[in-house]
Structure formats: structure tokens, C-alpha cells
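*Asks:* Protein chains in written order, with this note's numbering: chain C, 6 to 281; chain H, 111 to 278.
Heads up, the beta-carbon is just placed ideally off N, CA and C, and yes, glycines get one too.
Here it is: the structure, laid out below.
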């Protein structure tokens, strides 16, 4: 007994080192599975408020660019509205019951912290559970997609960026309809890789890539980017396609969060089908 | 004693906030970020309690992790260098560093540079390996480690010169 106690006292530094190393390594490994650690994330009270304080100050620097983006988006939406009102000569009164049939709800939020130079990047947003944000909602800008909501606290939430080695988003080629997964190799913050597209697909540089409606997270047909180059993978059965994003991930300020009101129903249905 | 706690507490907070709000956003050449916060570990008093030192280093790393959503990678690399620091001190300043009451700010330039660079490169090697977490990207990790280490060491040396009190 005496010897055991002596052993502990003699090696107390090394044992504490091992103990702390185990904690941090387990946190690391936990963060490499899909959901990051429940405790170590920047959507908590202290970091959230510090980041929004910083955003209060630095938010003014990009106002001109943000205004241009908003004007461009307004213009596009106005054009769509014009087409819509031309096609439907009868004025359609949208009743509440009709609104319930539209499966997607959009909410706005501001990015208060943005990473893009690491291999696993996250963003922090200034709205959380109080504003109706939940985990697994899609996040987009007016120009393209940003990521998927990960952790949510009362007033803040973190977003798993598409610039993250864990992110994989199902997309399709607009022209031919072939679908694949959009992943990131960790190199350039404006270029992602589209994998799992069969060799049979007819692709060319400059083709547009959009989201496909297979997941419950993003609606169908949101613009993602254009093809800038492609190769065959090692097995020569699938393409690895470089996709240049429409949106600039390094300057994301205002985002929209998409809630799919049918998501729960779809997931439940898929779960019961899998169980059988 | 209390003034030393105050000094190191302030240094902890200032370096933490500077790292999170300033140095994490530098992105030199698109991927190089300096991790200047480990200056706290480099400058921690040499003859202090090793247990406390390990704990403080762990919390420093963990705080950085919470701010940058990175799991436990900074905590892990911080305690690795905190644990290895006595050996590196012995290597760079000679075996008798403990009895000579070495203060890092008063050491000759050459040995200080060795001390800084060794700890920085170990820290960055552990950090980037855990961050990338993929053996097939070893070359990328080594490249990242080398460039970031040079950048961090350079900044640490500059800060030492800028903020050192001239002792006659």
C-alpha cells in the first residue's frame, strides 16, 4: 500500500499529464464524429456575447458590400415577382391554410464569428433557440449555401460550415440531373469537391451545380457553384469535380436559416421504413 | 507573490483575447495563422509548481478550443508542451537552469530562440495532426507546421522585445 501511494506521489506530474491528455483527446475524437462536443462550442453565454460585441464593432466595415448584395437580391426577387404576376392573371389570395402547405420557413441571422482557414470550420450566429433555430437546419446566403446548424443555445448557434471535413451535402448537376456529394479537401476556401458522380455522366467546365431535394435540409434547386475542372478517381469509375462556389465564404455576414416543417415527418417515415 | 499572480492572470486573459479576436483572423497567404497565446506557457515562471502549471496550460488550451469550436486540440497540444517544458529548458539553457534562477526574458538570444522554436514546433505538430486527423495528409500537416512555427516564433520573439522591461 505504502509503495502504491509512493508511486502516485512520485509520478503525480506524469499521471496528471496523462489524465488531462485523455480528456483533451476524447474531446477531440468526440468533435470528429458528426456532432461536436456538447460542452466545447462557441454558442455559450460568454463566447457568444464576446463575439457579438466584436461584431458590433467590425460589422460596420463591410456595410457597402452588404448593401450591394441586398440590392442585387432585391432586384432578382423583384424580377421573379414580376414573372409570377404576369403568369397568374388572377390575383391569388394566400390564406393561412395555404401557407401551412409551404414546407420551408426562412429566418435571418447575422454571422458573429467566421472561420475558413482551418480544416474543420464553424460559424457562430447571433440567433438561437429563442428565435426558433434548431439543430440540423440549413444555412444559406442570397448567393449560395453556407452550412448546417450544429449546436444551439438560448441566443446563439454554431454552424457546421461546408468548409469542414465532416460536411457532406447532396447536390446535383443542373443540366443532366446527375447527383453526388459535395465535400471539402481543406485547401482553398472557394473550391469544393463533388464526388460520387458516375463516369457515365456528361459534364463540362462551366456547368452549374445546385442542391437536390434528397435531404430534408436544403430545398431543391438552390445555386451552389460552377464546375472548374474534373478528374476520374483512382478506380476510374467516379469523377472528382472541382466546384467554385457562387458565394464568398470568407465574407459571409447575413444568412438565412431554412426550417423544413416537414422534416420531422419525413425522418420518422424513413426511420420506420428502415426498421422493417 | 500576489503581483506575480496578477501579472500572469492578466497575461492569460490578454493573450487569450488577442488570439481569439486578432491572431485567428490573420490567414497569412490563406492558411498560416500564428498561435501567439502559447507565449503564456513559454514565459511561465521556471521554478513553479509543475502540477499547477499543467492545469493552467490545460485551461488555456481549452478556452481557445471553446472560442474556436475545435474540440480539444489546443488543450492537448498545450499540455504536451507544458509537460515537455522542463526537458526543453534543460536542453536550451543547460542542466543548471533551476539553480541559476533563469528568467526567460534575460537569456541570451540564441538559446532563447532554440527554446521558443522547439516548444512552438512541438505544439504545432500535435495541433495540426489532431486538427487534420488523417494520416494521408502528412505532407500537408508538415508544411503547415513548418510555416506556422516560423511565423509564431517570429511574432513571439518580437513581442518579447517589445514588451520586455529593460533591466539595467
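1) Do the CB positions of residue 210(C) and residue 245(C) come within less than 7 Å of each other?
2) Whole angstroms are fine: how far does the CA of residue 152(C) sit from the CA of residue 170(C)?
3) Only counting runs of 4 or more residues, tell me where the alpha helix (DSSP H) segments fall wholly within the segment 167-209 of chain H, in order along the chain.
4) Please decide whether residue 256(H) counts as near chain C, where near means a Cβ-Cβ distance under 7 Å.
5) Tell whether a beta-carbon distance below 7 Å holds between residue 278(C) and residue 119(C).
6) Kindly say whether residue 129(H), judged by its beta-carbon, lies nearer than 7 Å to any beta-carbon of chain C.
7) Give every residue of the same chain whose Cβ lies closer than 8 Å to the Cβ of residue 177(C), excluding the five residues on either side of it in the sequence, and list them in chain order.
8) Mind checking whether residue 117(C) and residue 262(C) have CB atoms under 7 Å apart?
9) Measuring alpha carbon to alpha carbon, tell me which of 217(H), 116(H) and 183(H) ends up nearest residue 35(C).
10) Taking the alpha-carbon of residue 250(H) as reference, which of 108(C), 190(C) and 121(C) has the nearest alpha-carbon?
11) How far does the alpha helix (DSSP H) with residue 37(C) in it reach, from first residue to last?
12) Among 73(C), 114(C) and 63(C), which one has its Cα closest to the Cα of residue 161(C)?
13) May I ask you to report which of helix, strand or coil DSSP gives residue 239(H)?
14) Between which two residues does the beta strand (DSSP E) harbouring residue 243(C) extend?
15) Does the Cβ-Cβ distance between residue 124(C) and residue 242(H) come in under 7 Å?
16) How many whole angstroms separate the CB atoms of residue 67(C) and residue 158(C), which I take to be in contact at a CB cut-off of 8 Å?
17) Residues bridged to residue 60(C) by DSSP?
18) Return helix, strand or coil for residue 256(H), following the three-state DSSP convention.
19) Residue 127(C) touches chain H at which residues, Cβ-Cβ below 7 Å?
20) Is there a C-beta anywhere in chain B that falls below 7 Å from the one on residue 30(C)?
21) Give me the residue from 125(H), 188(H), 117(H) and 204(H) with the minimum Cα distance to residue 220(H).
22) Tell me whether residue 278(H) is buried or exposed, calling it buried when 16 or more other Cβ atoms sit within 10 Å of its Cβ.
23) Let me make sure I understand the geometry here. Which of 255(C), 144(C), 88(C) and 207(C) has the alpha-carbon closest to that of residue 111(C)?
24) Taking Cβ-Cβ distances shorter than 8 Å, what residues in chain C pair up with residue 161(H)?
25) Kindly indicate which three-state DSSP category residue 90(C) falls into: helix, strand or coil?
26) What residues of chain H sit near residue 124(C), judged by a beta carbon separation below 7 Å?
27) For chain H, is any of its Cβ atoms less than 7 Å away from the one on residue 183(C)?
28) Using a 10 Å radius around the Cβ and a threshold of 16 neighbouring Cβ atoms, would you call residue 161(H) buried or exposed?
29) Give the DSSP-derived three-state secondary structure of residue 156(C) in the structure shown.
30) In angstroms, rounded to a whole number, what distance separates the CA positions of residue 135(C) and residue 155(C)?
31) Below 7 Å between beta carbons: does that hold for residue 269(C) and residue 142(C)?
32) Can you list the residues of chain H that residue 35(C) reaches, using a CB-CB cut of under 9 Å?
33) If residue 187(C) sits next to residue 174(C), beta carbons under 8 Å apart, how far is it from one beta carbon to the other, in whole angstroms?
34) Buried or exposed for residue 241(C), please, with buried defined as at least 16 other CB atoms from any protein chain shown within 10 angstroms of its CB.
35) If we count the other Cβ atoms within 10 Å of its Cβ and call it buried at 16 or more, is residue 275(C) buried or exposed?
*Replies:* Let's see:
1) In the first chain, residue 210(C) corresponds to position 205, counting from 1. In the first chain, residue 245(C) corresponds to position 240, counting from 1. Going by C-beta atoms, residue 210(C) is not nearer than 7 Å to residue 245(C).
2) To locate residue 170(C), count along the first chain from 1; it is residue 165. To locate residue 152(C), count along the first chain from 1; it is residue 147. For residue 170(C) and residue 152(C), the distance between alpha carbons rounds to 12 Å.
3) 183-203
4) Within the second chain, residue 256(H) is the residue found at index 146, counting from 1. No, residue 256(H) does not count as interfacial toward chain C.
5) Taking the first residue of the first chain as 1, we reach residue 278(C) at position 273. Taking the first residue of the first chain as 1, we reach residue 119(C) at position 114. Cβ atoms of residue 278(C) and residue 119(C): not closer than 7 Å.
6) Here residue 129(H) corresponds to residue number 19 of the second chain, with the count starting at 1. Output row for residue 129(H): interface = no.
7) Start at 1 with the first residue of the first chain, and residue 177(C) comes out as number 172. Result list for residue 177(C): 183, 184, 185, 214, 215, 216 and 217, in chain order.
8) Here residue 117(C) refers to the residue found at position 112 of the first chain. Here residue 262(C) refers to the residue found at position 257 of the first chain. In this structure, residue 262(C) does not lie closer than 7 Å to residue 117(C) by Cβ.
9) Counted from its first residue, the first chain places residue 35(C) at position 30. The residue with the shortest Cα to Cα distance from residue 35(C) is 183(H).
10) Translated into positions along the second chain, residue 250(H) becomes position 140. When only C-alpha atoms are compared, the closest one is 190(C).
11) Taking the first residue of the first chain as position 1, residue 37(C) is located at position 32. 17-37 is the span of the alpha helix (DSSP H), which, as asked, contains residue 37(C).
12) Taking the first chain and counting its residues from 1, the one referred to as residue 161(C) is at position 156. Minimum Cα distance to residue 161(C) is reached at 114(C).
13) By 1-based counting over the second chain, the position of residue 239(H) is 129. In the structure shown, residue 239(H) sits in a helix (DSSP, three-state: H, G or I).
14) Taking the first residue of the first chain as 1, we reach residue 243(C) at position 238. Looking at the DSSP string, the run of the beta strand (DSSP E) that includes residue 243(C) is 243-250.
15) If you number the first chain from 1, residue 124(C) lands on position 119. If you number the second chain from 1, residue 242(H) lands on position 132. Cβ distance < 7 Å, so residue 124(C) and residue 242(H) count as in contact.
16) Looking up residue 67(C) in the first chain gives position 62. Looking up residue 158(C) in the first chain gives position 153. Between residue 158(C) and residue 67(C) the Cβ distance is about 25 Å, and since that is not below 8 Å, they are no contact.
17) The residue given as residue 60(C) occupies position 55 in the first chain. Residue 60(C) pairs with nothing; no bridge assigned.
18) By one-based count along the second chain, residue 256(H) stands at place 146. Helix, per DSSP.
19) Working through the first chain from its first residue, we reach residue 127(C) at position 122. Under the 7 Å cutoff, chain H gives 179.
20) Among the protein chains of the structure shown, namely C and H, there is no chain B.
21) Position 110 of the second chain, counted from the first residue, corresponds to residue 220(H). For residue 220(H), the nearest C-alpha among the options comes from 204(H).
22) Residue mapping note: residue 278(H) aligns to position 168 of the second chain, counting from 1. Annotation note: pLDDT 42 at residue 278(H) (below 50); position unreliable, no value reported.
23) Sequence index remark: in the first chain, residue 111(C) carries index 106 (1-based). The shortest C-alpha separation from residue 111(C) is found at 144(C).
24) Counting from one through the second chain, the residue named residue 161(H) turns up at place 51. In chain order: 17, 18 and 21.
25) If you number the first chain from 1, residue 90(C) lands on position 85. Here residue 90(C) sits in helix by DSSP.
26) Here residue 124(C) is taken as the residue at index 119 of the first chain, counted from 1. In chain order: 241 and 242.
27) Here residue 183(C) is taken as the residue at index 178 of the first chain, counted from 1. So no, residue 183(C) is outside the interface.
28) Here residue 161(H) corresponds to residue number 51 of the second chain, with the count starting at 1. Answer is exposed; the Cβ neighbour count stays below 16.
29) Residue 156(C) sits at position 151 when you count from the first residue of the first chain. In the structure shown, residue 156(C) sits in a strand (DSSP, three-state: E or B).
30) The count along the first chain starts at 1 and reaches residue 135(C) at position 130. The count along the first chain starts at 1 and reaches residue 155(C) at position 150. Whole-angstrom Cα-Cα distance: 16 Å.
31) Looking up residue 269(C) in the first chain gives position 264. Looking up residue 142(C) in the first chain gives position 137. It is not a contact, given that the beta carbons lie outside the stated cut-off.
32) By 1-based counting over the first chain, the position of residue 35(C) is 30. Ordered by position in chain H, the residues that pass the 9 Å Cβ test against residue 35(C) are 181 and 182.
33) Residue 187(C) sits at position 182 when you count from the first residue of the first chain. Residue 174(C) sits at position 169 when you count from the first residue of the first chain. So it is a contact: roughly 5 Å between Cβ atoms.
34) For the purposes of this step, residue 241(C) is taken as the residue at position 236 of the first chain. It counts as exposed.
35) Within the first chain, numbered from 1, the residue matching residue 275(C) stands at position 270. Classification for residue 275(C): exposed.
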